[in-house]
Every structure is written in structure tokens, then in C-alpha cells.
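Position one of the sequence shown corresponds to residue 7 (the working numbering), numbered consecutively onward.
Glycine included, every Cβ here is placed at the ideal spot set by N, Cα and C.
In what follows, a structure is listed as C-alpha cells, so that the remarks can point back to it.
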Amino acid sequence: MANYVSNKVVCSKDFLDTYLFDFFPCGPDNPMSEPYISFNKLFGLRSLSEYQEKIGVHIYYGFDFSWAKRDDGRYEVKFCTRWEYPIQAILKALELSHEVEWFAVEESCVFVSKFYWDNGAKEDIMPLMDAYFAWSEAHMDLEESLEDWDDSTWYYLQSIEENWKNWESKDGFQRYRDTPVFKVMPPIE
Numbered sequence: 007m008a009n010y011v012s013n014k015v016v017c018s019k020d021f022l023d024t025y026l027f028d029f030f031p032c033g034p035d036n037p038m039s040e041p042y043i044s045f046n047k048l049f050g051l052r053s054l055s056e057y058q059e060k061i062g063v064h065i066y067y068g069f070d071f072s073w074a075k076r077d078d079g080r081y082e083v084k085f086c087t088r089w090e091y092p093i094q095a096i097l098k099a100l101e102l103s104h105e106v107e108w109f110a111v112e113e114s115c116v117f118v119s120k121f122y123w124d125n126g127a128k129e130d131i132m133p134l135m136d137a138y139f140a141w142s143e144a145h146m147d148l149e150e151s152l153e154d155w156d157d158s159t160w161y162y163l164q165s166i167e168e169n170w171k172n173w174e175s176k177d178g179f180q181r182y183r184d185t186p187v188f189k190v191m192p193p194i195e
């Protein structure tokens, strides 16, 4: 069984339209009636298979995906990937728009990551573990009501005073490249 990573991208409508909405995720000969969310346009690629071959981890469509406008006018895009953070897509998104925030959490809920731009791509992390599991157990109804593409971590973060800690990377986030997230050891107590 694969572990899944829940992703939430916070972006402008322009970024969503320009880089994430994709009516041709499987190539120019296979148009969709509704847009998919893909990483193809971030890299100027024409299909999911080309993306997987040249870049790597793409969205896991078995859990579907969503996008919704927030009260602040930005959009939240939610989806899952298998095993890994889509680190190359994360870094490219931040490079293309310094306003993007990208959150990711692997299903074992050891820590949650927040990627953002501050004179370069940065990652802040926050441990989850016991506090999150206690909250999750107390909110089981919410947990059971969520769609597959959604994650209770996003609601947990809204209910606490967030305490992010920067996790510096000097090597382009090699810790996430071709590595399942459950094998990544964050610097948390």
C-alpha cells in the first residue's frame, strides 16, 4: 500500500488559471470537458506521461482534487500525491509566483510543511503527532465527512496557534527528491 501526501496550494486566480487548470492533462488529442489540476503547464509539458518521465511525481487522481475561492480572494487547491512531495512542482510554482504557499503532509502526520518564497524557496515545518492525533480523535465526525482529496490537518491548523519552524535547505531540498516522505527525518523533538 502506498502512503499518500495531502497537498494544499494557496494561490491567486491568475496562477490557478495559468499554471494549474489543464483541459488537456493527457495530451492535446484528449481534451477534458472540465479542467484537471496538473503540473504540466508549470514546466511547459504536454501530458501527464511526459511530466512523469521528465519531472517525476504528479497528482494522484484516484482521490480526485478540488479548488475553492477563499474569503481573502485567493484560491485553495487540494489534491494528493503518492509517497513523495512533488518537490520539483513546489519549487517551480514558488519561482513563478512568489505569492504561492504550498502545504504538504504525509498521512502518518509526523509533521506538516509550508513552502513559500522569501528571497528563495523556504520550508517551515510544524510537528503534529500527539496533539494532532488527540484533536483528530475529538473531531472524528469531521474526519469521516472529508472527501479523499481533503485532509483534517488543514482544519487542525485553523484551530491552533501555529508554531512554524524554518527547516533550511542548502541543496535544493534534496531530502525530498525520489524519497518517500515517511523516510524524511525532520529536526523536531
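Query raised in the report: Cα separation between HIS104 and SER55?
Result: Counting from one through the sequence shown, the residue named residue 104 turns up at place 98. Counting from one through the sequence shown, the residue named residue 55 turns up at place 49. Taking the Cα positions, HIS104 is about 28 Å away from SER55.
Query raised in the report: So what does TYR122 bridge to, in DSSP terms?
Result: Here residue 122 refers to the residue found at position 116 of the sequence shown. Beta-bridge analysis with DSSP links TYR122 to LYS128.
Query raised in the report: Does the Cβ-Cβ distance between SER44 and ASP70 come in under 8 Å?
Result: Taking the first residue of the sequence shown as position 1, residue 44 is located at position 38. Taking the first residue of the sequence shown as position 1, residue 70 is located at position 64. Taking 8 Å as the Cβ cut-off, SER44 and ASP70 do not qualify as a contacting pair.
**Report entry** Residue ranges of each alpha helix (DSSP H) within the stretch 150-177, 4 or longer
**Finding:** Unbroken alpha helix (DSSP H) runs of no fewer than 4 residues, entirely contained in the stretch 150-177, are found at 158-165, following chain order.
Query - DSSP state of GLU59 mapped onto helix, strand, coil - result: On the sequence shown, residue 59 is found 53 positions in, with the first residue counted as 1. For GLU59, the three-state secondary structure derived from DSSP is helix.
**Report entry** Range covered by the alpha helix (DSSP H) that runs through ILE93
**Finding:** Counting from 1 along the sequence shown, the entry for residue 93 is found at position 87. Counting along the chain, the unbroken alpha helix (DSSP H) around ILE93 starts and ends at 93-102.
Requested in this report: Check whether the Cβ atoms of GLU101 and PHE179 sit closer than 8 Å, and answer yes or no.
Outcome: Residue mapping note: residue 101 aligns to position 95 of the sequence shown, counting from 1. Residue mapping note: residue 179 aligns to position 173 of the sequence shown, counting from 1. At the C-beta level, GLU101 and PHE179 stay beyond 8 Å of one another.
Query raised in the report: Start and end of the alpha helix (DSSP H) containing ASP139?
Result: Position 133 of the sequence shown, counting from 1, holds the residue named residue 139. Residue identity check: residue 139 is Phe in the sequence provided, not Asp. It spans 135-144 - the alpha helix (DSSP H) in which PHE139 sits, taken as one unbroken run.
Query - C-alpha distance - PRO193 paired with TRP173, whole-angstrom precision - result: Stepping through the sequence shown from its first residue, residue 193 is reached at position 187. Stepping through the sequence shown from its first residue, residue 173 is reached at position 167. Those two C-alpha atoms are separated by around 8 Å.
Report task. Taking PHE21 and VAL116 to be in contact with their CB atoms under 8 Å, please state how far apart those CB atoms are, rounded to whole angstroms. Result -> Translated into positions along the sequence shown, residue 21 becomes position 15. Translated into positions along the sequence shown, residue 116 becomes position 110. Not confirmed; about 29 Å, so no contact.
**Report entry** Distance, TYR42 Cα to VAL111 Cα
**Finding:** On the sequence shown, position 105 is the one that residue 111 refers to. On the sequence shown, position 36 is the one that residue 42 refers to. In this model, VAL111 and TYR42 are separated by some 22 Å (Cα to Cα).
Report task. Answer yes if the stretch 59-69 comes into contact with the stretch 78-98, meaning at least three C-beta pairs across the two stretches below 8 Å, and no otherwise. Result -> Under the 8 Å Cβ criterion, the stretch 78-98 counts as touching the stretch 59-69, having at least three qualifying pairs.
**Report entry** Of the listed residues LEU163, VAL16 and GLY126, nearest to TYR81 (C-alpha basis)
**Finding:** Here residue 81 refers to the residue found at position 75 of the sequence shown. Closest option to TYR81, Cα to Cα, is VAL16.
**Report entry** Under 8 Å between C-beta atoms of ASN13 and PHE109
**Finding:** Taking the first residue of the sequence shown as position 1, residue 13 is located at position 7. Taking the first residue of the sequence shown as position 1, residue 109 is located at position 103. Yes, the Cβ-Cβ distance between ASN13 and PHE109 is below 8 Å.
Report task. Taking 8 Å as the cut-off, decide whether the C-beta atoms of PRO34 and ASN46 are in contact. Result -> Within the sequence shown, the letter at position 28 stands for residue 34. Within the sequence shown, the letter at position 40 stands for residue 46. For PRO34 and ASN46, no; Cβs fall outside 8 Å.
Query - Three-state secondary structure (DSSP) of ASP70 - result: In the sequence shown, counting from the first residue as 1, residue 70 sits at position 64. Here ASP70 sits in strand by DSSP.
Query - Coil, strand or helix - THR87 by DSSP - result: Locating residue 87 in the sequence shown gives position 81, counting from the first residue. For THR87, the secondary structure class from DSSP, reduced to helix, strand or coil, is strand.
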